[in-house]
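Presented below is the structure to which this report refers.
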Amino acid sequence: MFFKISGVFIQKYMKDYKEDSRFNGGKDAPWWERYLELNMQAPVKNTDWKFNTQIVSKAGSKDKAFSEKFDAVADPNDPSEEGGKKEFHPERMWVEGNLGGTGQYAKLGFFQPWVQNGFISDARIKGASLEHWGQKSATHIYAGNISEKYWDLGAGARVTSTEGADPVTGTWTKTYTEDTTGGVYSDFVRHHDTINYKTTGVGGDWDFHGDDGSDNKDIGYNTYNSEESDKHIFAFVYDYKFSPKYDGSVGYYNYKSYAYNGDALQIGAVNLNVHLNPSLTLANSYSHGNQDGYDKAYNIELQYNGNPWIDSTKPHNFGAYLAYRYLGPDAIIKPNYSDGIKAGQKGFEVGTYYTLTSNILATLKYATGKSIYYGQDRSRVFTSLQYAF
Numbered sequence: 020m021f022f023k024i025s026g027v028f029i030q031k032y033m034k035d036y037k038e039d040s041r042f043n044g045g046k047d048a049p050w051w052e053r054y055l056e057l058n059m060q061a062p063v064k065n066t067d068w069k070f071n072t073q074i075v076s077k078a079g080s081k082d083k084a085f086s087e088k089f090d091a092v093a094d095p096n097d098p099s100e101e102g103g104k105k106e107f108h109p110e111r112m113w114v115e116g117n118l119g120g121t122g123q124y125a126k127l128g129f130f131q132p133w134v135q136n137g138f139i140s141d142a143r144i145k146g147a148s149l150e151h152w153g154q155k156s157a158t159h160i161y162a163g164n165i166s167e168k169y170w171d172l173g174a175g176a177r178v179t180s181t182e183g184a185d186p187v188t189g190t191w192t193k194t195y196t197e198d199t200t201g202g203v204y205s206d207f208v209r210h211h212d213t214i215n216y217k218t219t220g221v222g223g224d225w226d227f228h229g230d231d232g233s234d235n236k237d238i239g240y241n242t243y244n245s246e247e248s249d250k251h252i253f254a255f256v257y258d259y260k261f262s263p264k265y266d267g268s269v270g271y272y273n274y275k276s277y278a279y280n281g282d283a284l285q286i287g288a289v290n291l292n293v294h295l296n297p298s299l300t301l302a303n304s305y306s307h308g309n310q311d312g313y314d315k316a317y318n319i320e321l322q323y324n325g326n327p328w329i330d331s332t333k334p335h336n337f338g339a340y341l342a343y344r345y346l347g348p349d350a351i352i353k354p355n356y357s358d359g360i361k362a363g364q365k366g367f368e369v370g371t372y373y374t375l376t377s378n379i380l381a382t383l384k385y386a387t388g389k390s391i392y393y394g395q396d397r398s399r400v401f402t403s404l405q406y407a408f
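When you line the sequence shown up against this note's numbering, it's residues 20 to 408, in that order.
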């Protein structure tokens, strides 16, 4: 086998609408993004193993559209960056090959495991996976450290504060409480203890009460975490094809991080796909976590013509889907849903795909629902144009 290279170039536009007066009457600023991906594969000498890498360049902006005037370079670990660009950098790098037995394969390195359609997690890991493929079944095991921005794995609930001088003693007091009026950046708020701490005195003495279980450092006084903290995952998934009409899978996931005060999030998940006819599939997924909170997630999706895995090499090919998603934050890790209904939200999503010509794919999606944690309305429009080569 010789060296192979392929890739995609995508132009994206998206706009959020949120029930919050802090968002310009509910309308968030639009987001424009350019994405270039190069995939390369080469053989490992004297073996049937292969070396793979994926190199990516991203650029985004709230007000520069697709011009060359994108915002300054963004810190990839800083969710407060409103825009930015990341020059070419490796997003994946791994080796894979047969272990010698029929249908037995392994991966080692920095890669993205793909099981249960990414319903529980599509996070990249630095680790290893083992797979066995049979005629009607497949077994997947993987483990490693998750390598994603901390913001993509859970966000802190907003914290508000009140301060002022005591009318009797004159002592200046500042009190922090959890804000349940709406999260600015994310609805992906995992189960955690209520925050309630205060600072008193001119010298800034403080007395901390309560605890938290957030995935990041943005929920009050978080002494447990930073963006560099390790996040470990272990997963076992078994797929089975019952008949040409029915197939499904069961999975177990163990996610260890500073969320839940360091206690592991354990998730059980099941998928069932019903192929109603060659062009129509009803895809169903359900999961349940062990850490209380909003500890269930499910997806019910009617897919037409293989969508979202439509054959983009076929000119004038059309695909569509209609879905209801409930993505409870305590029953997922990092789901493969970010264009419409996202982690921590529930609601309906509809989308269409159309190939203008071979390998040029146009996408349009609309989602409307609510934040599960905050209870506020959420909606989003997403469009993209993709060129594959």
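All residues carry an ideal CB built from backbone N, CA and C; glycine is no exception.
Three-way DSSP call (helix, strand, coil) for residue i in this model
i: tyrosine 257; result: strand
i: glutamine 395; result: coil
i: leucine 383; result: strand
i: tryptophan 170; result: helix
i: serine 390; result: strand
i: tyrosine 406; result: strand
i: alanine 362; result: coil
i: tyrosine 356; result: coil
i: alanine 283; result: coil
i: alanine 278; result: helix
i: glycine 119; result: coil
i: lysine 315; result: strand
i: aspartate 249; result: coil
i: glutamate 87; result: Low local confidence applies: a pLDDT of 49 at glutamate 87 is under 50, so the model's placement there is unreliable, and no value is given.
i: asparagine 296; result: strand
i: arginine 209; result: coil
i: isoleucine 329; result: coil
i: valine 400; result: strand
i: lysine 264; result: coil
i: tryptophan 133; result: coil
i: glycine 222; result: Its pLDDT being 47, under 50, glycine 222 is placed unreliably in this model, and the value from its coordinates should be taken loosely. Three-state result, glycine 222: coil.
i: asparagine 378; result: coil
i: aspartate 231; result: Because aspartate 231 carries a pLDDT of 48, less than 50, the predicted location of this residue cannot be relied on, and the following value inherits that uncertainty. Of the three classes helix, strand and coil, the one that applies to aspartate 231 here is coil, per DSSP.
i: threonine 188; result: coil
i: glycine 153; result: coil
Test item: CB-CB of residue i and residue j under 8 Å
i: serine 403; j: arginine 397; result: no
i: phenylalanine 138; j: alanine 288; result: yes
i: tyrosine 313; j: glycine 347; result: yes
i: aspartate 282; j: glutamine 310; result: yes
i: isoleucine 351; j: serine 304; result: no
i: valine 256; j: valine 134; result: yes
i: phenylalanine 408; j: glycine 26; result: yes
i: asparagine 280; j: asparagine 136; result: no
i: glutamate 52; j: alanine 78; result: yes
i: tyrosine 161; j: alanine 254; result: yes
i: serine 331; j: asparagine 378; result: yes
i: serine 298; j: tyrosine 323; result: yes
i: threonine 374; j: leucine 383; result: no
i: lysine 64; j: glutamate 115; result: no
i: glycine 173; j: phenylalanine 207; result: yes
i: glycine 338; j: glycine 325; result: yes
i: phenylalanine 129; j: serine 166; result: yes
Anticipated Cβ contact below 8 Å, residue i with residue j, distance rounded
i: glycine 363; j: serine 205; result: 7 Å
i: tyrosine 340; j: proline 327; result: 7 Å
i: lysine 250; j: serine 276; result: 4 Å
i: methionine 112; j: threonine 72; result: 5 Å
i: histidine 294; j: proline 334; result: Going by Cβ atoms, the distance from histidine 294 to proline 334 rounds to 25 Å, so no, they are not a contact pair.
i: isoleucine 74; j: glutamine 405; result: The pair is not a contact, with the Cβ atoms about 17 Å apart (cut-off 8 Å).
i: lysine 34; j: arginine 399; result: 7 Å
Where the beta strand (DSSP E) containing residue i begins and where it ends
i: lysine 37; result: 23–37
i: serine 409; result: It is not possible to answer for residue 409, since the shown part of the chain is limited to 20 through 408.
i: tyrosine 343; result: 337–346
i: isoleucine 139; result: Looking at the DSSP string, isoleucine 139 is not in any beta strand (DSSP E), and its letter there is neither H nor E.
i: tryptophan 50; result: 50–62
i: serine 304; result: 299–308
i: lysine 126; result: 123–130
i: alanine 350; result: Here alanine 350 belongs to no beta strand (DSSP E), and DSSP marks it neither H nor E.
i: asparagine 324; result: Segment: none, asparagine 324 is in no beta strand (DSSP E) and carries neither H nor E.
i: serine 156; result: 156–165
heavy atom of the ligand FMN below 7 Å from residue i C-beta
i: leucine 346; result: No copy of the ligand FMN appears in this structure; indeed no ligand is present at all.
Assess contact between the segment 150–166 and the segment 362–376, defined as three or more Cβ pairs (one per stretch) separated by less than 8 Å. Is contact present?
Fewer than three pairs of CB atoms, one per stretch, sit closer than 8 Å, so the segment 150–166 makes no contact with the segment 362–376.
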